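Asker: Here it is: the structure, laid out below.
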Amino acid sequence: MPNFINPELVPKHKLYTGQKIPCIGMGTFGSDRFTPEQVSEAVGGAIRSGYRLFDCAAIYGNEDLIGGVFKDAFDKGVVRREELFIISKVWNDMHEPENVLNSIKKTLMDLQLDDVDAYVIHWPFRNYHAPGCDGDARNPDSKPFSVDDFIATWRQMEELVRMGLAKTLGMSNMTIPKLEAVLPLCKIKPALIEMELHPSFQQEELFNYCVEREILPVGFCPIGSPTRPDRDKTPDDVVDTQIPEILEIAKVHNVHPAIICLKWAVQRGQIPIPFSVHENEYISNLRSTIEAPLTDEEMAIIKSVDRNCRLIKGQVFLWEEAKGWEDLWDLDGSITK
Ligand SMILES: NC(=O)c1ccc[n+]([C@@H]2O[C@H](COP(=O)([O-])OP(=O)(O)OC[C@H]3O[C@@H](n4cnc5c(N)ncnc54)[C@H](OP(=O)(O)O)[C@@H]3O)[C@@H](O)[C@H]2O)c1
């Protein structure tokens, strides 16, 4: 199998801003398991393999090494800056006035770029946890979602577009009630929204809500995040790559079940951002977008395996009075106070 996939062959979406973005990208969160060196080396290999979209974030703790890899690829003529679509995200502890600008400045310095293609609010809360803390830890300063706080942060994000530091903006870990509250107040509409999306967690309503508004869903944990941090694992979690229907379709296509999850994601219309430090995996993930599409019947079967199984529950962002992780996700249709 050739280890280069011509990026021209990989389908693209057009954002409402006119920017083009590949239908698949590479995630860069090492999940407290993979070192910044391993992740950045994989980014270098991914660029050489034909990846053109990378999902970065300050909190992943590896933007400085990834920046070195980008620079090296530009210097050696492997790729030009304008051929890459680079996402980064502001972490929860940098939402205060001035800090969003400070955050992107640090990211741009680390990534060695003049701008990012999309800058995203990572979580719609100013709540944060100590790195590596356990799942039950609660920060006494944490608070429920606040429209005013979020919009104050968004105004700073909008300023970054005006300053030319971000080409467009995105949100992440949002719910429909939160979007209903904030979208009418946005001067710049988000062009993309990151959300957890995999066969056992399809978020049909949120997905459709975004698509109807010309906001592109970017799906994280597209393979069901088998290597996610232990704090994000619970005994009831569904393992996407072991769902019998997925295994059956994988057998027919003679591929790993992970590939079926990605084909489903791409054909449904979200952008999956699978992570892997293994060359054989990340190359086959990219190749999955250009060959042997799933049939309509296979797509319908996968639609039926949704188990509403959220994996990244976000419990470390809860405030003291919160009852449980469900409070982050507005399950009753209104913003949890
Ligand atoms: N916005 C947000 O809040 C948010 C939250 C979470 C994640 N993300 C982003 O989404 C990205 C992806 O999510 P994720 O890393 O949690 O989950 P994921 O992509 O669903 O799963 C990654 C794991 O799947 C396995 N894998 C990948 N390709 C494979 C293949 N072809 N065959 C077999 N196994 C394969 C690898 O495990 P092995 O090493 O064991 O093979 C890898 O570590 C992150 O890196 C990050 O950029 C964003």
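In terms of the numbering used here, the sequence shown opens at residue 181 and continues consecutively.
Even glycine gets a Cβ: it sits at the ideal position worked out from N, Cα and C.
Since this is a predicted model, take the numbers as computed values, not measurements.
#1: Give me the Cα-Cα distance between Gly312 and Asn353, rounded to the nearest whole angstrom.
#2: Say yes only if the C-beta of Phe250 is nearer than 7 Å to one or more non-hydrogen atoms of ligand 2, and no if none qualify.
#3: For Gly210, which of helix, strand or coil comes out of DSSP?
#4: Which two residues bound the contiguous beta strand (DSSP E) that contains Ala445?
#5: Could you tell me which residues DSSP puts in a beta bridge with Phe325?
#6: Quick check: what's the CA-CA separation for Gly205 versus Asp420?
#7: Where does the unbroken beta strand (DSSP E) through Leu349 begin, and where does it stop?
#8: Note the first and the last residue of the continuous beta strand (DSSP E) segment covering Ala298.
#9: Consider the C-beta atom of Phe381 and the heavy atoms of ligand 1; say whether any pair is separated by less than 7 Å.
#10: Label Asn282 either buried or exposed according to how many other C-beta atoms from any shown protein chain fall within 10 Å of its C-beta, with 16 as the threshold for buried.
#11: Would the beta-carbon of Ala438 be found less than 7 Å away from any heavy atom of ligand 1?
#12: In this structure, does DSSP put Pro424 in helix, strand or coil?
#13: Quick one: does the C-beta of His309 sit closer than 7 Å to a heavy atom of ligand 1?
#14: By how many angstroms is the C-alpha of Pro454 removed from the C-alpha of Lys431?
#15: Could you tell me how far apart the beta carbons of Tyr462 and Ser456 are, in whole angstroms, since I believe they sit closer than 8 Å?
Answerer: According to the structure data:
#1: 20 Å
#2: In terms of ligand content, the structure shown lacks ligand 2 and carries ligand 1 instead.
#3: coil
#4: Not the beta strand (DSSP E): Ala445 falls in the alpha helix (DSSP H), residues Pro437 to Arg448.
#5: In the DSSP output, where bridge partners are listed per residue, Phe325 has none listed.
#6: 19 Å
#7: Ala346 to Ser352
#8: Val296 to Ile301
#9: no
#10: exposed
#11: yes
#12: helix
#13: no
#14: 21 Å
#15: 5 Å
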